[in-house]
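The sequence shown lines up with residues 1 to 292 when you count with our numbering. Glycine residues also receive a C-beta, built at the ideal position from the N, C-alpha and C atoms.
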Amino acid sequence: MGERPGTTLRPGAVSPLVLTEVTGAPRRARVLAAFPTCVYLDLGAHERVLAVLASDALALPIGVRLAVPAAAVRWGVEPGDHAVVGEGRVVLPGLEVVASRTQRPARVRPVAPRRRRLLRVGAVPVHLPEPGVLGDLAHDLTAAALAGRPVGPGVRGLVGVGRGLTPSGDDALCGVLLTLGAVDAPAPRRALGSLRDAVREALPSTTSLSAALLVAAGAGYAVPDVARLVSLVAAGGAPLFDRDRLVDRVLSIGHSSGRDLLSGVSGALRAVDASLEPAPPGRSPSWLTTSS
């Protein structure tokens, strides 16, 4: 693709999660949604979405990020229009984003239980919002996964439930996936694997953007504030003021996405804590058992 007369070129940093499509053969990509700070493009599969992000947009892990704010960008597209993605560029009317470098998205940091100080949501003042029904559903689903019970019904009860591009049930499920990804132990790893499989089967029940973010969360990727908060809270090693500041920033995400995600984190943490309780004398705790 050559430069077109009258086209503004903007360099962008592309996430490795979408690098294959951005650097591959050119393809038409339908516009799923367009906002002042970002545009979402359909990459051909339901769970494959490219977020074209201004510098002041939420740093989604599936994006190519510009170095300029939304005030300096005119996307020139509406939902249903088409862009062209490939050969290291995203071509919009009057704008070409050139992938000049890669930028690895934020990811949760797994911590081994024997090195972590368990965070007991009911006893430690972490100031997470009241988890409510979503938190209870997240707890029950996480507990089932940790115990090796079927998780399909619980996943199907959350995926796609709610309104918007990222329904509330999906946001809570992202919190569950990220929390399990932050605990480096056999049982949580097995639970995460079973949940990822069940989530992939249920992806057609939700929006393309939400499906893409669920897949990313299953691999531990999230926006920076979310990844850092989940890592710190799961490790139990952050100063209280750091946690509170991060909680406030996460709560500001979307209309309710941040709050719903934290409901999933709270519910999952309760289930993980219960699974890591000391075992009776003479019996090893479940998270110390080895895979057969």
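Contact set for residue i: own chain, Cβ-Cβ below 8 Å, skip 5 residues either direction
i, result
"Thr289", "Unreliable placement is indicated for Thr289, whose pLDDT of 31 sits below 50; no coordinate value is reported for it."
"Gly94", "Gly6, Thr7, Thr8, Arg74, Gly76"
"Leu214", "Glu47, Val159, Asp170, Leu173, Cys174, Leu177, Val199, Leu203, Thr206"
Secondary structure of residue i, DSSP reduced to three states
i, result
"Thr20", "helix"
"His139", "helix"
"Pro186", "helix"
"Gly88", "coil"
"Leu9", "strand"
"Ser210", "helix"
"Asp273", "helix"
"Ser231", "helix"
"Gly122", "Low per-residue confidence applies at Gly122: pLDDT is 38, beneath 50, and the placement is therefore not dependable enough to give any value."
"Val39", "strand"
Counted within 10 angstroms of its Cβ, other Cβ atoms place residue i as buried (16 or more) or exposed
i, result
"Ala44", "Rather than Ala, the amino acid found at residue 44 in this sequence is Gly. Answer is exposed; the Cβ neighbour count stays below 16."
"Thr8", "exposed"
"Val85", "buried"
"Arg74", "exposed"
"Arg163", "exposed"
"Arg228", "buried"
Beta-carbon proximity of residue i to residue j, cut-off 9 Å
i, j, result
"His82", "Ala29", "yes"
"Val111", "Val64", "no"
"Ala212", "Arg156", "no"
"Val108", "Glu78", "no"
"Ser205", "Val151", "no"
"Gly169", "Leu137", "yes"
Nearest neighbour of residue i, chosen from the options [CA to CA]
i, options, result
"Ala182", "Val226, Ala13, Pro36", "Val226"
"Val39", "Val161, Asp260, Leu165", "Leu165"
"Val199", "Ala172, Asp184, Val223", "Ala172"
"Cys174", "Leu276, Ala72, Leu158", "Leu158"
"Pro167", "Val52, Glu21, Leu261, Pro26", "Leu261"
Same chain, Cβ closer than 6 Å to residue i, neighbours up to 5 away in sequence not counted
i, result
"Pro105", "Ser15, Pro61, Tyr221"
"Pro131", "Ser263, Ser266, Gly267"
"Thr207", "Leu165"
"Gln103", "Ala13"
"Pro36", "Ala70"
Sequence-distant residues of its chain with Cβ nearer than 7 Å to residue i (five each side left out)
i, result
"Pro11", "Ala67, Val98, Ser100"
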